[in-house]
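**Q**
Residue numbers (this note's numbering): 2 to 113.
#1: Hey, would you say residue 94 sits closer than 8 angstroms to residue 36, going by beta carbons?
#2: Using CA atoms only, rank isn't needed, just tell me which of 110, 109, 111, 103 is closest to residue 50.
#3: Since I believe residue 82 is in contact with residue 67 (beta carbons under 8 angstroms), could you give me their beta-carbon distance rounded to a whole number of angstroms?
#4: For residue 71, collect the residues of the same chain with a Cβ closer than 8 angstroms to its Cβ; drop the 5 residues on either side in sequence, then sort them by chain order.
#5: Considering residue 5, what are the terminal residues of the alpha helix (DSSP H) in which it resides?
#6: Under a three-way DSSP split, which group does residue 21 fall into?
#7: Assign residue 108 to buried or exposed, taking buried as 16 or more other Cβ atoms, counted over all protein chains shown, within 10 Å of its Cβ.
#8: Can you tell me which of the three DSSP states residue 76 falls into?
#9: For residue 28 and residue 92, I'd like the C-alpha separation in whole angstroms.
#10: Per DSSP, what kind of secondary structure is residue 47 in: helix, strand or coil?
#11: If you draw a straight line from the C-alpha of residue 43 to the C-alpha of residue 75, how long is it?
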């Protein structure tokens, strides 16, 4: 049993964001921009904290579910869950980056 993130490195998914000849290159950047875009809309349009954090919470649950599935499933079926894990993790990273930018911008405005 090994961590799903280590299996992603074994499969080579960590190389996809920097190799434009790979089809996964486009999936990575689309997923990252999707995470940033949706979280940006949530921060701009909503005032309730739960709604702002719901997108991040949903994708964190999806990452956890894919991690559990990768631990339970053997064989070639695991590859599909590795790819789903990678996509959900990428969306989660984009959403968290957007949230961090909003957090630091808010702190900067409060100091001034």
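For each residue, glycine too, the CB sits at the ideal point set by N, CA and C.
**A** This is what the structure gives:
#1: yes
#2: Of the candidates 110, 109, 111, 103, 103 places its Cα closest to the Cα of residue 50.
#3: 5 angstroms
#4: 5, 8, 79, 82, 83, 86
#5: 5–12
#6: coil
#7: exposed
#8: coil
#9: 10 angstroms
#10: coil
#11: Those two C-alpha atoms are separated by around 38 angstroms.
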